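Numbering (the numbering used here), first residue to last: 145 to 618.
Cβ coordinates follow ideal geometry from the N, Cα and C atoms, glycine included.
Note that the structure is predicted; figures quoted are calculated from it, not measured.
Comments concern the structure below.
Here's what the structure looks like:
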């Protein structure tokens with residue numbers, strides 16, 4: 145249910161109240177009410193009936209609660225509510241902060257779900273040259289954002305490590321003038337890591353991330369390394385070197401869930417725990433890149449993924465109850481969006497989403513795309529760093545269309561109770577339907593709604609699990 149805003153004055157109150165727009169959904173025996181500015185509360189059915197029928201004056205406690213949450217608004221609350229909106233949508237005004245560079249499309253792996261459509265390691269013409277790298281950095285530093293993260297992806301970026309080093313060193317040189325807060329991230333499969341490279345990355349405080357799909361057989365099935373049957377052992381070796389020998393704190397791993405992963409929820413969590421990770425991201429498969437071409441072999445329904453995700457999450461909760469520290473980072477991101485009135489910290493859970501607002505990506509030829517996954521489809525290309533200025537790209541009709549598509553205002557998302565906490569993914573929609581316009585039946589939408597309903601159900605049903613979730617945010 146969606147409300148419409150209206151103004152009225154009840155007997156006994158000297159100031160008129162406006163009924164702010166809200167959404168509602170019954171969960172268990174309560175009614176969840178959410179607001180556009182991100183606040184929410186549970187009401188009993190009786191309390192919700194008073195709200196619906198304009199009779200909240202009969203319950204002074206309810207009246208105060210609705211004013212506190214910004215569902216009923218009077219003139220004294222206007223400034224506070226405006227400030228809340230500004231916080232909630234602050235990502236619209238900061239400039240792009242995350243810039244993802246692909247130094248090469250070449251890769252020594254043939255991952256069955258690769259969204260980048262990587263090329264074999266020895267293929268020619270798929271690596272960034274120094275001139276393009278310089279142009280990308282010059283473009284990035286045109287952002288008005290005061291904080292910049294430059295992330296290297298691929299392909300496998302270690303196959304063109306000289307360009308990785310060049311981008312980092314040239315960025316520091318440029319930043320001597322701009323004086324922004326600059327950080328670096330490198331995403332690598334680890335199989336080409338060396339002590340020399342690791343020394344350089346650690347000395348420059350580069351945040352490291354790898355892909356780790358769980359037990360050996362599953363990892364190798366999802367992520368075969370061309371000509372190297374021992375690639376799993378190399379990944380495990382370097383994870384141990386980084387985490388246990390070097391004790392480097394800026395390191396994480398990502399899991400991509402394929403159809404092959406679904407029967408192994410507990411084994412996947414256990415494999416992360418054994419490696420020493422205290423967080424695991426149970427990411428659904430994006431319908432993009434190689435996964436788009438092989439969806440019948442790799443894909444699954446939203447219901448199948450949610451069943452896997454809930455099984456793994458319940459197991460993670462049981463580990464926490466045994467005193468074993470482990471969190472599911474996707475749910476942590478959702479929880480942060482629900483628990484805070486601040487803007488989104490993650491691209492995919494803001495409305496508008498962070499594509500071309502918080503994040504952009506650059507391929508080996510200097511083409512600019514809306515986000516990392518968008519490199520799968522030319523429709524999401526925004527320009528080229530050698531041909532366009534930052535202002536040209538980010539004031540274009542294409543970026544305006546992206547904001548409109550993911551704002552949740554022009555689609556059936558506008559009537560959804562989860563509207564304040566997520567946004568549709570254009571890339572997933574295009575991969576699934578051939579249309580970037582969001583559809584409420586899309587897999588991405590159904591999964592996000594399932595996660596949110598699970599979380600709010602836990603708020604009602606389990607104080608112990610809710611306390612665990614909020615500890616994850618600390």
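Contact set for residue i: own chain, Cβ-Cβ below 6 Å, skip 5 residues either direction
i, result
"residue 154", "Confidence at residue 154 is low in this model, with a pLDDT of 49, below 50, so the placement of that residue should be treated as unreliable; the coordinate-derived value is given next. Result list for residue 154: 201, in chain order."
"residue 647", "No information on residue 647 is available, as it lies outside the stretch 145 to 618 that the chain covers here."
"residue 503", "242, 491 and 515"
"residue 390", "none"
"residue 615", "none"
"residue 319", "326"
"residue 590", "446"
"residue 379", "334"
"residue 518", "524 and 571"
Rounded C-alpha distance that separates residue i from residue j
i, j, result
"residue 509", "residue 245", "10 Å"
"residue 164", "residue 221", "12 Å"
"residue 185", "residue 294", "38 Å"
"residue 406", "residue 359", "13 Å"
"residue 251", "residue 306", "15 Å"
"residue 516", "residue 603", "33 Å"
"residue 484", "residue 233", "12 Å"
"residue 156", "residue 193", "Reliability of the predicted coordinates at residue 156 is poor, the pLDDT of 44 falling under 50, and the value obtained from them is presented with this limitation in mind. So the two alpha carbons sit approximately 21 Å from each other."
"residue 324", "residue 292", "7 Å"
"residue 224", "residue 216", "13 Å"
"residue 177", "residue 598", "16 Å"
"residue 162", "residue 218", "6 Å"
"residue 605", "residue 423", "24 Å"
"residue 414", "residue 384", "16 Å"
"residue 439", "residue 210", "46 Å"
"residue 609", "residue 461", "7 Å"
"residue 187", "residue 322", "50 Å"
"residue 547", "residue 553", "10 Å"
"residue 346", "residue 543", "36 Å"
"residue 340", "residue 600", "47 Å"
"residue 173", "residue 331", "45 Å"
"residue 584", "residue 337", "42 Å"
"residue 228", "residue 551", "18 Å"
Run of the beta strand (DSSP E) containing residue i, from where it starts to where it stops
i, result
"residue 360", "From DSSP, residue 360 is part of no beta strand (DSSP E) but of the alpha helix (DSSP H) over 360–366."
"residue 171", "166–171"
"residue 512", "511–513"
"residue 371", "Where residue 371 is concerned, there is no enclosing beta strand (DSSP E), given that its DSSP letter is neither H nor E."
Sequence-distant residues of its chain with Cβ nearer than 7 Å to residue i (five each side left out)
i, result
"residue 254", "368 and 370"
"residue 310", "274 and 277"
"residue 464", "470 and 612"
"residue 529", "279, 280, 283, 506, 510 and 512"
"residue 376", "360, 363 and 364"
"residue 393", "none"
"residue 395", "352, 386 and 387"
"residue 444", "403 and 406"
"residue 488", "235, 481, 494 and 498"
"residue 607", "none"
"residue 373", "none"
"residue 574", "521, 523 and 580"
is_contact[residue i, chain C] using C-beta, thresh 8 Å
i, result
"residue 278", "The structure shown contains no chain C; it is built from a single protein chain."
Same chain only: Cβ atoms within 8 Å of residue i, ignoring 5 sequence neighbours per side
i, result
"residue 366", "255, 256, 257, 357, 400, 402, 404 and 405"
"residue 248", "270, 271, 272, 298, 299, 300, 301, 303, 304, 307 and 508"
"residue 266", "250"
"residue 329", "293, 294, 295, 296, 350, 351, 352 and 353"
"residue 617", "476, 479, 480 and 483"
"residue 203", "191 and 194"
"residue 540", "526 and 527"
Range of the contiguous alpha helix (DSSP H) that encloses residue i
i, result
"residue 208", "204–212"
"residue 381", "375–384"
"residue 189", "189–196"
"residue 610", "607–616"
"residue 177", "Run containing residue 177: none in the alpha helix (DSSP H); it sits in the beta strand (DSSP E), 174–179."
"residue 535", "534–538"
"residue 548", "541–549"
"residue 573", "570–577"
"residue 506", "Element bounds for residue 506: not the alpha helix (DSSP H) but the beta strand (DSSP E), 503–506."
Please go through the region 279–335 and give each complete alpha helix (DSSP H) segment of 4 or more residues, from N-terminal end onward.
305–322
When you compare the region 233–241 with the region 490–505, are there three or more beta-carbon pairs, one atom per stretch, that lie closer than 8 Å?
yes
Go through the region 423–496 residue by residue and report every complete run of the alpha helix (DSSP H) that reaches 4 residues or more, in order.
433–437, 439–442, 446–465 and 473–483
Mind pulling the beta strand (DSSP E) runs of 3 or more residues that sit fully within the region 223–265?
Listed in chain order, they are 242–245.
Using 8 Å as the Cβ pair cut-off and three pairs as the minimum, do the region 164–180 and the region 555–564 touch?
yes
When the Cβ atoms of the region 343–358 are set against those of the region 387–400, are three or more pairs found closer than 8 Å?
Taking 8 Å as the limit for Cβ pairs, the verdict is that the region 387–400 does touch the region 343–358.
The region 523–542 contacting the region 424–434, beta-carbon criterion three pairs below 8 Å
Under the 8 Å Cβ criterion, the region 523–542 does not count as touching the region 424–434, having fewer than three qualifying pairs.
Does the region 445–463 come close enough to the region 531–542 to have 3 or more Cβ pairs within less than 8 Å?
no
Within the region 398–424, ranges of the alpha helix (DSSP H) (whole runs, at least 4 residues):
Counting only runs of 4 or more, we get 409–419.
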